[in-house]
Amino acid sequence: KAGVTQTPRYLIKTRGQQVTLSCSPISGHRSVSWYQQTPGQGLQFLFEYFSETQRNKGNFPGRFSGRQFSNSRSEMNVSTLELGDSALYLCASSLARGIQETQYFGPGTRLLVL
Amino acid sequence: DQQVKQNSPSLSVQEGRISILNCDYTNSMFDYFLWYKKYPAEGPTFLISISSIKDKNEDGRFTVFLNKSAKHLSLHIVPSQPGDSAVYFCAARGTGFQKLVFGTGTRLLVSP
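Protein sequences, first through last, are from chains A and B. Numbered per our numbering, the first sequence finishes at 135, counting up by one with no gaps. Numbered per our numbering, the second sequence finishes at 1200, counting up by one with no gaps.
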């Protein structure tokens, strides 16, 4: 079974631009979560989507948004990029059947904002 | 407020010896705990998990121990191998939520 895939793997943008990252979950997984990893802050939760609905949201400004499509694929958008948005953005998927279960991560998209 | 803490940023161990990575948490609502391993430029890879109703879970060379009263969990790797060198994150989750709260990670170096 294919794992979680994320595109693009690397991205360079300039301040003020916007960016869209894509995540395809493991087949059959209905929940997709996004995390930001920075050297100083570790992995920070951004948001989780389940059946096209945002179920949970972390403490990030409104510039960070996302959505999920009917095939469970998800996109994350960051508008008006700031230098501090440079980070590794990780997507994770799970079955989310209401039991304790594991999230599986993709390889991440490394974003550099200049 | 760091709800999950890994107080040792790094750990060095010799090949064949035991590696013990520690994690403390503050939120008593956490009921499921996971350990992930991460290599540079890759996403975290799931290692092992434990439910709050257990105090130990084993999977091959990896064992996780949970002490609920102390709000402490640990990951034991026996025997340690050079390929285990990576950053290890513990993560916790509350009932009914998918959000994982991560520690800041411990970099393990296993030398031959």
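No residue lacks a Cβ here, since even glycine has one placed at the ideal position from N, Cα and C. Keep in mind that this is a model prediction, so the values were computed, not measured.
Which runs of the beta strand (DSSP E) spanning at least 3 residues fall entirely within the region 1169 to 1194 of chain B, listed in chain order? 1174 to 1182
Would you say Val-1189(B) and Gln-1094(B) are within 8 angstroms of each other, going by their C-beta atoms? Here residue 1189(B) refers to the residue found at position 101 when the second sequence is read from its first residue. Here residue 1094(B) refers to the residue found at position 6 when the second sequence is read from its first residue. No, these two residues do not count as a Cβ contact at 8 angstroms.
Between Phe-85(A) and Lys-1187(B), how many whole angstroms is the CB-CB distance? I'm expecting something under 8 angstroms. Reading the first sequence from its first residue, position 64 is the one you call residue 85(A). Reading the second sequence from its first residue, position 99 is the one you call residue 1187(B). Rounded, the Cβ-Cβ distance is 15 angstroms, inconsistent with contact.
Any beta strand (DSSP E) of 3 or more consecutive residues that is wholly inside the region 1103 to 1178 of chain B: 1107 to 1113, 1118 to 1126, 1133 to 1139, 1144 to 1147, 1150 to 1155, 1160 to 1165
Going by the DSSP bridge assignment, what does Ile-47(A) pair with across the sheet? One-based indexing of the first sequence puts residue 47(A) at position 26. In the DSSP output, where bridge partners are listed per residue, Ile-47(A) has none listed.
Buried or exposed: which applies to Arg-1181(B), given that a residue is buried once 16 or more other Cβ atoms fall within 10 Å of its Cβ? The residue you call residue 1181(B) lines up with position 93 of the second sequence. Arg-1181(B) is buried by the Cβ-count criterion.
How is the beta strand (DSSP E) around Gln-89(A) delimited, first residue to last? Numbered from its first residue, the first sequence carries residue 89(A) at position 68. 85 to 89 is the span of the beta strand (DSSP E), which, as asked, contains Gln-89(A).
Quick one: using the 10 Å Cβ neighbour count with 16 as the cut-off for buried, is Gln-39(A) buried or exposed? In the first sequence, counting from the first residue as 1, residue 39(A) sits at position 18. Label assigned to Gln-39(A): exposed.
Could you check how far apart the C-beta atoms of Leu-1109(B) and Tyr-1124(B) are, in whole angstroms? I think they sit under 8 angstroms. Working through the second sequence from its first residue, we reach residue 1109(B) at position 21. Working through the second sequence from its first residue, we reach residue 1124(B) at position 36. About 11 angstroms separates the two Cβ atoms, so there is no contact after all.
So Ser-45(A) and Thr-74(A) are in contact, right, with Cβ under 8 angstroms, and what is the actual spacing, rounded? Along the first sequence, one-based indexing puts residue 45(A) at 24. Along the first sequence, one-based indexing puts residue 74(A) at 53. 18 angstroms between Cβ atoms; not a contact.
Option in Glu-103(A), Leu-64(A), Tyr-110(A) with minimal Cα separation from Glu-96(A): Locating residue 96(A) in the first sequence gives position 75, counting from the first residue. Checked all of Glu-103(A), Leu-64(A), Tyr-110(A); the closest Cα to Glu-96(A) is Tyr-110(A).
If you drop the 5 nearest sequence neighbours on each side, which residues of the same chain put their C-beta closer than 6 angstroms to that of Val-1175(B)? Within the second sequence, the letter at position 87 stands for residue 1175(B). Only Lys-1126, Gly-1193, Arg-1195 meet the Cβ criterion.
Is DSSP giving Leu-116(A) helix, strand or coil here? Sequence index remark: in the first sequence, residue 116(A) carries index 95 (1-based). Leu-116(A): coil per DSSP, three-state reduction.
Minimum C-alpha distance to Ser-1173(B) - residue among Cys-1111(B), Gly-1148(B), Ser-1199(B): Your numbering for residue 1173(B) matches position 85 in the second sequence. Per the Cα distances, Ser-1199(B).
Under 7 angstroms by beta carbon: chain B residues contacting Pro-128(A): Against the first sequence, residue 128(A) aligns to sequence position 107. Glu-1130, Gly-1131, listed in chain order.
Is there a Cβ from chain B that is less than 8 angstroms from the Cβ of Phe-66(A)? Translated into the one-based positions of the first sequence, residue 66(A) becomes position 45. So, interface residue.
Leaving out five residues on either side along the sequence, give the residues of the same chain with a beta carbon under 6 angstroms from the beta carbon of Thr-1114(B). On the second sequence, position 26 is the one that residue 1114(B) refers to. So the list reads Gln-1091, once near-sequence residues are dropped.
Evaluate the contact criterion for the region 79 to 94 of chain A versus the region 52 to 68 of chain A: three or more CB pairs, one atom per stretch, below 8 angstroms. yes
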